[in-house]
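Have a look at the structure below, then the notes.
Chains as they are written, first to last, in the numbering used here: chain Z, 1 to 467; chain V, 468 to 934; chain X, 935 to 1401.
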């Protein structure tokens, strides 16, 4: 584990005002998702893990459409937000957060890119440690990459390699400089005062008439301030997504990294193909994940679970020892040693206790199912509270909707619900109740009663012959 | 966009008489499928896009089994067809189309291979433009490839590289020639008269006693005709499939190319694993495709749709904003903002209007479902016409078959069909009809009526104790 | 085909006492599964194919927890088993099988590693042939690998490359030796007498105080015995799994190899992504396997079958020409030209005869379904015997459980079971029986009778208005 950094010492600005044009997205680019989480969330999570408190993170949002509102929404309105009305360059974007910078109690300000989500907290920690230990006014996060074409090259002082002379942009590179493989990732750490000086002096005397934050190097150099670069040697820090295809490639990298970490922690994958697991998901050792499984939104899977092909689980917890076969589970709590599927659908707000068995073609919604109850097949349980050791036959329906309102069904312990029973809510079944197959139950049933609501069978012989 | 070529100027012959022996296929090799479309269809589509009219495309079919009939069937009998009774070489195959050649009104004849499906229309256009602009008698489509072993090498005139001296087959290559990486793809374009001359003179004086179309080079050379080669520098033009494993590799290349094109047009893929999309499918920008989704047979998916894992959609259109979760849809029309699934099955001939909600374990077949109707769970609707804002409870069945005939069920607007209702067709429900849960409806129900067909409930108390 | 080796001449010891610590597995490492089969089963299968009889294979098991019992269970108790109580090195492990060695009637003893499952029988055959033809006292199975770091290097005699001088461990390698890319796989073949001599003399005078079987090289060398190495040039022989991530990588290699072999035998894969097929599975030519399909546990699939996405089939046979769409099938027998799915679940002990059609959302369990019967949708058939040409409507249930006991349902030929019929077992329907939709059948129905058990429909007009 890395040392925890003093939380009081670091603020961060996330540049998030880029357009999504080449994404063909109607909203801001930073809201495009990587493993089901917006890119901006990856960046803010790394900052939080680094030790930034929420109030010391400022997101510079675009002004167009509802982009700012959507970014605020996606980040739960828990950070500071600034707006860049015109896109006049990266330094201009940072300048929109000038009040945030001035009000910051911290001595160092980190500049992050909202669409470069793969700068991990470990890299940030090492980078920031280096910035502090070198007592730099400005430290650039750099990396060596195979194909540096198009990136700003890091020009180090030949006499003192810790000393950065310049960032040379592609167009300005001479032949020798084009061969430099160490490049600027775009992530920078400034001493607060150095940043204020730079922002004050950066101009737009260049071809595009834009204000570039990289100009800070020349400005601070002229002021004899110390500038360094931390080479993290990880190509991922420069990965951003300008198109859906680039986003797809980044998804692939992130996807395999999540899976690799899980595999190293004792999770078994037969094949990882089609498996997509958000970084927020936790899985216990000994669990087995089949191809095509999707786990997202802070799911917690216990130990020794088996999740077979194409299960799709979000916002849910699954107790240890449970087996989920090719089923959907959304926003629900599943106990230990539960069996579900194949082909069932657990909709939001279910609390399914340990030992429950849910078979095939079963939908459960907004219901509590107590221990060791069995719902084997082709059944719908909605808006219900079901006791322990209840046995549902095939084709049962809790009729929770009458066309106007929804009502609850209450079932006690040890009941036996016959096949194709309709339970018309509101209705209450006591403990030990038995309903006959094919019955429609409209009235409450007391403890220990058997209830029947069907017609007698009549056999018309030789009917086939007659017909 | 490339310029459209004058349609009157080009005819094409597709050699499709190869055997499928190494495919272990009982039918012709060209009927083996790439992304769910026979290889021969890829070739004919490229030709159509190049500007060939159907009547100026001739397919040379094999004579064995039903291969010719099957090829005619797979291509909808819309081209010309010739038959090669014996397999005596490529020139012999072309010769079977001699009447087609002689009758062609066009000055140029393209020779294509029916089992080389990845020669795109763009390559063909550039190739054909080159043929015309150089005024060649014969132009060979060549490519540089990494491992040229086994291919005929293109020998260019050292003094005039536009001038082709020879195609040298592997066995005849000297050491220097073996190093040539430009090879013959098998695609050729002839001036009609040059082709007729060549076909007349090609002999089978070689080890295998076969007639090779490549011999045309030597023959036309001897006639002082101009021969060129257009190097498309795309290895895919030589990709053919002799075995299922080669076909699988080609599928992989084609699959990723289709996906890449879609991603670049604003379609989002979380992971492409298991995703198979035929080239005939269209998808609108902003739509999200999950792993394992299969889309084939001219599907049209609107904008901002979400199609989750393992949905299998063929011959259907899906309106914008619709969400399809893990469901099958075949030969149906789905409106805008429709929700389907997870785990539903829309069988052929359904017309499902906008705003309809179809939940889990629902089968719909040969039915029209009007706007904003809801079919939430475990229901079968077959041979039915359903109005707007109808609510189906769980477990409803339209009983469309009585063992002898199928009949239709007609349901008006604003109906409420109680859970586990059977509607015995033919039957008609007016507007605003309400059926009680558990009823079997055999007779028509007028507008605004409530219909019930079930027994009263009897509770037998202390039954469990007695038992 | 390789020559069959005389079965009487070879015994084998499998070292299987390794821990699963880094696997984070509670049981022995050799029980971790590769393509759904424990690694130890891969090794024993290769030995059986080489010609080892079961009684001449000895597995050296660990002593901790229930590991030995579990290994015996997983291998059906059909081999010999020894126990290594302490982990004191590979030679110590072999020594635990000393009685097995002494009692062996064979002249040669093969030492295998239980966690190196990808040493194929073909490699073993060539290796063993080499051992015999060279008349070696000890032959090492070696391979050249790209990155030999960490492996024992094979030092060959520069004057006679067939002669092995030494295995040099990484730590003892000089600069030149570090460059040797031929390494020891761990598989060795001894003459029985040479092995006994070596086991007697190997000591633990080394840093770790362990007994290494590789010390046999020096010992036998000193005795002037002939030592060779067979370089199989296949990196797979050194692949073992110490972590779940390594196991995952091995799964990937094995998975693609199985698929490649099948493709070369005429099986069609559109894309192999998510496809996992155990090596014990057989598939007939012309069958098509979609992405995400899992086939395991000795399944036999006939010719020209189609198995679509995410079907999960285990311990079952499927007749030729059958189509299985996205369904689960376990421990059942499916006839020819059967159609199942999408989304059905065939549970253990079903015998489904040819021409049967099972549609969507159908569960069948422990039942016999005779030819050409149709079960189209949303139906459960359990513990039943169903005749030929029976038609089940939608929503039928065989009520096999009354809360206390399970009973069978017997249905004759040519029956028509109306939609939402409950058949309360035990119950018997004769031939040609017809049940009315919505009926609950409690009593037997004679041949040719129609049975009805439902209430008359009452329409309450203007009900909606009143309400």
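All residues carry an ideal CB built from backbone N, CA and C; glycine is no exception.
Cross-chain neighbours of residue i in chain V, by beta carbon under 9 Å
{"i": "residue 363(Z)", "result": "826, 827, 828, 843, 844, 845, 861"}
{"i": "residue 248(Z)", "result": "726, 727, 730, 735, 736, 737, 738, 739"}
{"i": "residue 37(Z)", "result": "Under the 9 Å cutoff, chain V gives no residues; its nearest Cβ is about 11 Å from residue 37(Z)."}
Cut-off 7 Å between Cβ atoms - residues of its own chain near residue i, not counting five sequence neighbours on either side
{"i": "residue 150(Z)", "result": "170"}
{"i": "residue 191(Z)", "result": "107, 108, 137"}
{"i": "residue 545(V)", "result": "521"}
Cβ-based burial, residue i [other Cβ within 10 Å; buried from 16]
{"i": "residue 920(V)", "result": "buried"}
{"i": "residue 223(Z)", "result": "exposed"}
{"i": "residue 676(V)", "result": "exposed"}
{"i": "residue 244(Z)", "result": "buried"}
{"i": "residue 1141(X)", "result": "exposed"}
{"i": "residue 1095(X)", "result": "exposed"}
{"i": "residue 345(Z)", "result": "buried"}
{"i": "residue 540(V)", "result": "exposed"}
{"i": "residue 952(X)", "result": "buried"}
{"i": "residue 1356(X)", "result": "buried"}
{"i": "residue 563(V)", "result": "buried"}
{"i": "residue 233(Z)", "result": "exposed"}
{"i": "residue 225(Z)", "result": "buried"}
{"i": "residue 877(X)", "result": "The requested residue 877(X) is not part of the displayed model; chain X covers only 935 to 1401."}
For residue i, the nearest candidate out of the options (CA to CA)
{"i": "residue 1369(X)", "options": "1352(X), 1086(X), 1361(X)", "result": "1352(X)"}
{"i": "residue 492(V)", "options": "1371(X), 1183(X), 1312(X), 1218(X)", "result": "1218(X)"}
{"i": "residue 9(Z)", "options": "100(Z), 216(Z), 385(Z), 104(Z)", "result": "104(Z)"}
{"i": "residue 592(V)", "options": "561(V), 668(V), 514(V), 899(V)", "result": "514(V)"}
{"i": "residue 301(Z)", "options": "313(Z), 291(Z), 235(Z), 292(Z)", "result": "313(Z)"}
{"i": "residue 75(Z)", "options": "291(Z), 62(Z), 98(Z), 45(Z)", "result": "45(Z)"}
Interface residues of chain Z facing residue i [CB-CB closer than 7 Å]
{"i": "residue 923(V)", "result": "453"}
C-beta contact flag for residue i and residue j at 8 Å
{"i": "residue 1024(X)", "j": "residue 1002(X)", "result": "no"}
{"i": "residue 1238(X)", "j": "residue 1255(X)", "result": "yes"}
{"i": "residue 490(V)", "j": "residue 585(V)", "result": "no"}
{"i": "residue 621(V)", "j": "residue 612(V)", "result": "no"}
{"i": "residue 479(V)", "j": "residue 579(V)", "result": "yes"}
{"i": "residue 1223(X)", "j": "residue 1210(X)", "result": "no"}
6 Å CB neighbourhood of residue i in its chain, flanking five on each side removed
{"i": "residue 891(V)", "result": "866, 909"}
{"i": "residue 842(V)", "result": "825, 829, 859"}
{"i": "residue 1318(X)", "result": "1301, 1332, 1343"}
{"i": "residue 5(Z)", "result": "Low confidence applies to residue 5(Z): its pLDDT is 48, below 50, so where it sits in the model is not reliable enough to give any reading."}
{"i": "residue 583(V)", "result": "707"}
{"i": "residue 242(Z)", "result": "22"}
{"i": "residue 1249(X)", "result": "1231, 1265"}
{"i": "residue 1215(X)", "result": "1229, 1233"}
Contact set between residue i and chain V, taken where Cβ atoms lie within less than 8 Å
{"i": "residue 887(X)", "result": "There is simply no residue 887(X) to check, as chain X begins at 935 and stops at 1401 in what is shown."}
{"i": "residue 1354(X)", "result": "862, 864, 887, 889, 907"}
{"i": "residue 1394(X)", "result": "916, 917, 918, 919"}
Where residue i meets chain V, residues with beta-carbon distance less than 7 Å
{"i": "residue 328(Z)", "result": "809"}
Partner residues on chain Z for residue i, Cβ-Cβ distance less than 8 Å
{"i": "residue 731(V)", "result": "243, 244, 245"}
Proximal residues of chain X, C-beta to C-beta of residue i below 7 Å
{"i": "residue 291(Z)", "result": "1208, 1210, 1226"}
Own chain residues within Cβ distance below 8 Å of residue i, not counting five before or after
{"i": "residue 337(Z)", "result": "319, 320, 321, 322, 354, 355"}
Neighbouring residues, chain Z, relative to residue i (Cβ below 9 Å)
{"i": "residue 1232(X)", "result": "Per Cβ cutoff of 9 Å: no residues; residue 1232(X) is ~17 Å from chain Z at best."}
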